[in-house]
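Take a look at the structure below.
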Amino acid sequence: MKIVEMEKAPIKRLPMWPAVITGKCPRCRVGNIYEKPMYSLVGQKINKACPHCGFVYEREPGYFYAAMYISYAFIVAELVTLAVGTSILTGSHNPWLYIAILLSVTGVLAPFNLRYSKVLLLHWLTPGIRYMPEYSVEKDTAA
0 MKIVEMEKAP IKRLPMWPAV ITGKCPRCRV GNIYEKPMYS LVGQKINKAC PHCGFVYERE
60 PGYFYAAMYI SYAFIVAELV TLAVGTSILT GSHNPWLYIA ILLSVTGVLA PFNLRYSKVL
120 LLHWLTPGIR YMPEYSVEKD TAA
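When you line the sequence shown up against numbering that gives the first Met the number 0, it's residues 0 to 142, in that order.
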């Protein structure tokens, strides 16, 4: 009697960019990294682990301090772009105009910088964390 093995259906790979933009887990790309939306007034609290695959986000104590440097890079790029853009568009040399624009935009983009510096740290800048398509499969709830 010959036993025929059932071939497994190929696992669908989830794309990287939508996972980064929406703040999904770097291992399964399904579970949310953050508990609340970006501009929530409640805060920017990260889940301890992925609700889908169980991946622990904080790899070691103080892990997310490295995200501070990524946030610095974001803010420098934003401020330089804004200063050059303001100079070109207004032609003004009034320092108070620059201070008002740069400080207000910095305040508005602070949640973006905080959130995406941590997401980029998890997705690209930490060795050993990689996407595993087998964790993307929906859990069987019938068991």
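Beta carbons: idealized from backbone N, C-alpha and C, even for Gly. A quick note: this is a predicted structure, and the numbers were derived from the prediction, not measured.
**Request:** State the Cα-Cα distance for the pair Thr140 and Leu101, rounded to the nearest angstrom.
**Result:** Taking the sequence shown and counting its residues from 1, the one referred to as residue 140 is at position 141. Taking the sequence shown and counting its residues from 1, the one referred to as residue 101 is at position 102. Residue confidence is low: Thr140 scores 49 on pLDDT, short of 50, so the model does not pin down where it sits. Its coordinate-derived value is still stated next. Each residue's Cα considered, the two are about 50 Å apart.
**Request:** Could you pull the start and end residues of the alpha helix (DSSP H) that Thr125 belongs to?
**Result:** Here residue 125 corresponds to residue number 126 of the sequence shown, with the count starting at 1. Element bounds for Thr125: n/a, residue is neither H nor E.
**Prompt:** Quick one: is Ala18 buried, meaning 16 or more other Cβ sit within 10 Å of its Cβ, or exposed?
**Reply:** Here residue 18 refers to the residue found at position 19 when the sequence shown is read from its first residue. Buried, because 16 or more other Cβ atoms sit within 10 Å of the Cβ of Ala18.
**Under the three-state DSSP convention, the category Lys11 falls into** = The residue given as residue 11 occupies position 12 in the sequence shown. In this structure, Lys11 counts as coil in the three-state DSSP scheme.
**Prompt:** Where does Val75 fall in DSSP's three states?
**Reply:** Along the sequence shown, one-based indexing puts residue 75 at 76. Three-state DSSP puts Val75 in a helix.
**Message:** Beta-carbon within less than 8 Å of Pro132's beta-carbon, same chain only, minus the 5 sequence neighbours each way: which residues are those?
**Reply:** The residue given as residue 132 occupies position 133 in the sequence shown. Around Pro132: Ile10, Lys11, Arg12 and Leu13.
**Item:** Per-residue DSSP class, three states only, for Asn112
**Value:** Start at 1 with the first residue of the sequence shown, and residue 112 comes out as number 113. DSSP places Asn112 in helix when its eight states are reduced to three.
**Message:** I'd like to confirm the pairing. Which residues does DSSP put opposite Lys23 in its beta bridges?
**Reply:** As a first step, residue 23 must be located in the sequence shown, where it is residue number 24. Lys23 pairs with Asn31.
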